[in-house]
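For the sequence shown, full-length UniProt numbering gives the first residue as 1, with consecutive numbering after it.
C-beta: ideal position from N, C-alpha, C; glycine also.
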Amino acid sequence: MARVPKTHRILTCHGWESEFSGDTTINLSDDTVFQFLSEECEGLSPASSIDDDDADDEEKENLNGNEIRGAEDDTFWETQHQLLQSTICRTSSLESRIRNTTKEALKESQGVCVCGKPADGGCRKCLMAEVCRRLQNVGFNSAICKSKWKSSPDIPSGEHTFLDVIDSSNPKKEVRVIIELNFRGQFEMARANEDYNKLMKKLPEIFVGKMERLLGVLKIVCGAAKKCMKEKKMHMAPWRKHRYMQAKWLRTCHRFSSSQTFSSAAYSGRPARPAPVKSLLTLDLMENFSNLHRPPVVAVV
1 MARVPKTHRI LTCHGWESEF SGDTTINLSD DTVFQFLSEE CEGLSPASSI
51 DDDDADDEEK ENLNGNEIRG AEDDTFWETQ HQLLQSTICR TSSLESRIRN
101 TTKEALKESQ GVCVCGKPAD GGCRKCLMAE VCRRLQNVGF NSAICKSKWK
151 SSPDIPSGEH TFLDVIDSSN PKKEVRVIIE LNFRGQFEMA RANEDYNKLM
201 KKLPEIFVGK MERLLGVLKI VCGAAKKCMK EKKMHMAPWR KHRYMQAKWL
251 RTCHRFSSSQ TFSSAAYSGR PARPAPVKSL LTLDLMENFS NLHRPPVVAV
301 V
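Quick look at the structure:
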């Protein structure tokens, strides 16, 4: 039976050196020694196994990341729904009275068009004039507003027409109420995702609300539009941005009464006669003919 001398070192599969000293005798023929070495080797994974483990870990991390992002997306849209619902549902007595008058005017004015260009349900210009007139008849300081803004590095130039009511019953502070007859249409997108379209269904077709309420709705909807474009990996059009939407209703605008927006010919039911169009070719020919020398006419007897 062979003996291991003192301070003999055994190199294991891990490359570790185990040093034994003293008079301890190890029987190399004993199965326990080889069992110990076998267990050491079995505990070591080959390089391919290490790579597989790394790939599995990376895949798990990706799955976990996708799950986290999916949960964050669900939380975002759920929060937007709640914020929009709470913002729209809050209303004052002034807003309610203006809203009811606006809806009654629109209901009775469907199909009425006095500008000579009828459209389904009446054209926007005539509807705004009629709603403005109805609001004025019941005592509101209503007007048709036209905002206009110049282009900037962030947004292009544009203009927008809408209605408003200015309430001066409180001497300390005037209250301005915005009326937009096509509010939902201002935010609709052709390639929006399902979450954004569901949020759009909660928007009213006709918006009647104070400036503060409009600001809150714009922030919610424009944030949702930005999130939608990011999820679809699409570019955010400049006319979809928050600042552009704010410019429509919050920039300096001119107020017109309903009677100032149309001519008398439009209210008579007849379209205004367009000015005659002069052809440049006709003008050139007339000038050439006027310069021609006309010989005297000789009468033949």
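Chain-order list of residues whose beta-carbon lies under 6 Å from that of residue i (same chain, five-residue window excluded)
i: Glu-180; result: Phe-162 and Phe-207
i: Glu-159; result: Lys-148
For residue i, the first and last residue of its enclosing alpha helix (DSSP H)
i: Asp-195; result: 194–200
i: Ala-105; result: 93–108
i: His-254; result: Looking at the DSSP string, His-254 is not in any alpha helix (DSSP H); the run it does join, the beta strand (DSSP E), is 253–256.
i: His-235; result: Note, His-235: premise wrong, no alpha helix (DSSP H); not H, not E.
i: Glu-159; result: That residue, Glu-159, is in no alpha helix (DSSP H); its beta strand (DSSP E) goes 158–167.
i: Lys-125; result: 124–137
Pair within 8 Å by beta-carbon distance, residue i and residue j
i: Cys-132; j: Cys-253; result: no
i: Gln-80; j: Leu-199; result: yes
i: Met-189; j: Ala-225; result: yes
i: Lys-241; j: Ser-147; result: no
i: Leu-106; j: Leu-127; result: yes
i: Lys-202; j: Leu-84; result: yes
i: Phe-140; j: Ile-98; result: yes
i: Cys-222; j: Ala-192; result: no
i: Arg-251; j: Trp-149; result: yes
i: Arg-184; j: Pro-156; result: no
i: Asp-164; j: Arg-243; result: no
Unbroken beta strand (DSSP E) run spanning residue i, endpoints
i: Arg-243; result: Counting along the chain, Arg-243 falls outside any beta strand (DSSP E), though it belongs to the alpha helix (DSSP H) covering 242–250.
i: Glu-174; result: From DSSP, Glu-174 is part of no beta strand (DSSP E); its letter is neither H nor E.
i: Asn-150; result: Looking at the sequence itself, residue 150 is Lys, so the reference to Asn does not match. That residue, Lys-150, is in no beta strand (DSSP E); it is neither H nor E in DSSP.
i: Phe-207; result: 207–210
Under the three-state DSSP convention, the category residue i falls into
i: Lys-227; result: helix
i: Phe-76; result: helix
i: Phe-187; result: coil
Sequence-distant residues of its chain with Cβ nearer than 7 Å to residue i (five each side left out)
i: Gly-216; result: Thr-87
i: Val-175; result: Leu-94, Asp-167 and Lys-210
i: Met-236; result: Lys-226 and Met-229
i: Arg-134; result: Thr-101 and Ala-105
Close beta carbons around residue i, own chain, < 8 Å, minus the five adjacent residues each side
i: Arg-90; result: Arg-213
i: Val-138; result: Thr-101
i: Ser-257; result: Cys-132, Gln-136, Ala-143 and Ile-144
Residue i CB to nearest heavy atom of the ligand MG below 7 Å
i: Glu-104; result: The model on display carries no ligand, and the ligand MG is accordingly not part of it.
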